[in-house]
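Next comes the structure, spelled out in structure tokens:
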């Protein structure tokens, strides 16, 4: 089971190669902009340096979102292009679930994990997971204020992390059950690949003809005003 994983949900760009859930290679770039050219270069380098060719892959996995509209489009179009060209199945992993996978082993069972991706103004994309990786609150776009997550914080400690957590920290940092790790955490293809291995075993493949990124919200554009004569 050789799986190539891609994540360009945010400003970072990462590619990972797993064989039977064992990480073989991981390339990551942290830049202001992600391009298709950068991504294809990382894919080529990761596969080649691990001693394989693209034809050896069993599946391609992609972080489906939520996240940057442009980043998600680049990742999904690249993944689908590889799947069509190589005749390989596509696996899609929730970006927030993959973020939670990065840290869930470091916290006790009574803690909840809240990965956050920055959206607009005081809004974030977020979800809640327990330390076994089970979803406790589904992915949503949420505007943060001083009452946010109040019911959950009364029940147990909640770990807020990701580039959207700073919005929460300014309002909830004084709550005794609110935890904000000092180390910054960004989405990575490393944990996309870990979850993709389980999805592959369970046969959770996507229909490539209909699959689209999980934008969560419609893309907002500024429409020109109509002039009435």
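In my numbering, the protein residues as written are 1 to 229.
Note that the Cβ used here is the ideal one computed from N, Cα and C, for glycine as well.
None of these values were measured; they are calculated from a predicted model.
query: Three-way DSSP call (helix, strand, coil) for residue 17 in this model; result: strand
query: Rounded distance between the beta-carbons of residue 144 and residue 231, thought under 8 Å; result: Residue 231 cannot be examined here, being either before or after the span of the chain that is shown, 1 to 229.
query: Any alpha helix (DSSP H) of 4 or more consecutive residues that is wholly inside the region 58–141; result: 69–86 and 95–103
query: Distance, residue 112 Cα to residue 20 Cα; result: 28 Å
query: Residue 142, buried or exposed, once every other Cβ within 10 Å from all chains shown has been counted against 16; result: buried
query: Neighbour-count burial assignment, residue 194, 16 or more Cβ in a 10 Å radius; result: buried
query: N-terminal and C-terminal residue of the alpha helix (DSSP H) that residue 200 is part of; result: 189–201
query: Length of the line joining the Cα atoms of residue 47 and residue 62; result: 16 Å
query: Test item: CB-CB of residue 79 and residue 191 under 8 Å; result: no
query: Coarse secondary structure for residue 209, derived from DSSP in three states; result: coil
query: Counted within 10 angstroms of its Cβ, other Cβ atoms place residue 8 as buried (16 or more) or exposed; result: buried
query: Touch test, the region 71–86 against the region 120–140, Cβ-Cβ under 8 Å, three pairs minimum; result: no
query: Proximal residues to residue 28 (C-beta, below 6 Å), its chain only, five neighbours per side dropped; result: 14
query: CA nearest to the CA of residue 94, picked from 11, 139 and 155; result: 139
query: Exposure label - residue 187; buried when at least 16 CB within 10 Å; result: buried
query: Delimiting residues of the beta strand (DSSP E) encompassing residue 5; result: 2–7
query: 6 Å CB neighbourhood of residue 76 in its chain, flanking five on each side removed; result: 62 and 213
query: Collapsed DSSP secondary structure at residue 186 in the structure displayed; result: coil
query: Extent of the continuous beta strand (DSSP E) to which residue 23 belongs; result: 22–30
query: For residue 18 and residue 3, believed in contact at Cβ under 8 Å, the rounded distance; result: 5 Å
query: Residue range of the unbroken alpha helix (DSSP H) whose run includes residue 150; result: 150–155
query: Close beta carbons around residue 162, own chain, < 7 Å, minus the five adjacent residues each side; result: 99, 115, 116, 117 and 185
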